[in-house]
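Chemist:
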Amino acid sequence: MKMLYACLVLAAAFAHAGSLLEEAPARTGSFSNPLEGQERALRAGAKLFARECASCHGNNAAGGVGTAPPLRHAGVYKAAPGKLFWVLRNGSLRHGMPSFAHLPEPQRWQIITWLTTAP
Ligand code: HEC
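Whatever position you read off the sequence shown (first residue = 1), add 11 for the working numbering.
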């Protein structure tokens, strides 16, 4: 009985296993954003977000549509840029987050510049 309970708890934990960002490999945490702090990158990133991401994550990332989580909170703007880059590169097919590997790298870094600038 104890064993069954343990399995159920584990299964539940797995089904809700953390956020996608937490799945990024530790080594990605040390990559820095080459465009960090650049005003032009920030403005371009805001536009790209509206075009590529807002349909799921909501306008200005304030509220997620469907299962897409809101992104305007400390968990994201304090996240390591390399981990965000990993999320954009890989997405999560299983959970409905597309890969954005087709966007040129500078555009992905522009979006990350916007995401990591506190509102
Ligand atoms: C088709 C809908 C869709 C689009 C478009 C989309 N996302 Fe997502 N995104 C999701 C979903 C659903 C999740 C949750 C995935 C999960 O739970 O594993 C997610 C998760 C994320 C996460 C992880 C959040 C966390 O707390 O771990 C980030 C960061 C993210 N998206 C950024 C973006 C960015 C930036 C764009 C645009 C370039 C984008 N997303 C476009 C649906 C989308």
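For glycine and all other residues, C-beta sits at the position ideal for the given N, C-alpha and C.
So which of Arg54, His106, Ile123 has the shortest CA-CA distance to Gly77?
Modeler: Per the Cα distances, His106.
Chemist: Have a look at Leu53 and Ala112 and give me their C-alpha separation to the nearest angstrom.
Modeler: Leu53 and Ala112: Cα-Cα distance of roughly 20 Å.
Chemist: Can you tell me whether DSSP reads Ser103 as helix, strand or coil?
Modeler: Strand, per DSSP.
Chemist: Taking only heavy atoms of the ligand HEC into account, decide whether any of them is closer than 7 Å to the Cβ of Gly8.
Modeler: Residue 8 lies beyond the stretch modelled for the chain, which goes from 12 to 130, so this question has no answer here.
Chemist: Just to confirm my understanding: we take Ser41, look at its own chain, exclude 5 residues before and 5 after, and list those with CB closer than 8 Å. What are they?
Modeler: Taken in chain order, the residues that qualify are Ala91, Gly93.
Chemist: Give me, in chain order, the residues of the same chain whose beta-carbon lies closer than 7 Å to that of Gln121; leave out the 5 immediate sequence neighbours on both sides.
Modeler: Cβ within range, chain order: Leu46, Ala52, Ala55, Gly56, Leu59.
Chemist: Quick check: what's the CA-CA separation for Ala129 versus Gln49?
Modeler: Looking at the two C-alpha atoms, the distance is approximately 14 Å.
Chemist: Give every residue of the same chain whose Cβ lies closer than 7 Å to the Cβ of Val87, excluding the five residues on either side of it in the sequence, and list them in chain order.
Modeler: Here the set comprises Leu126.
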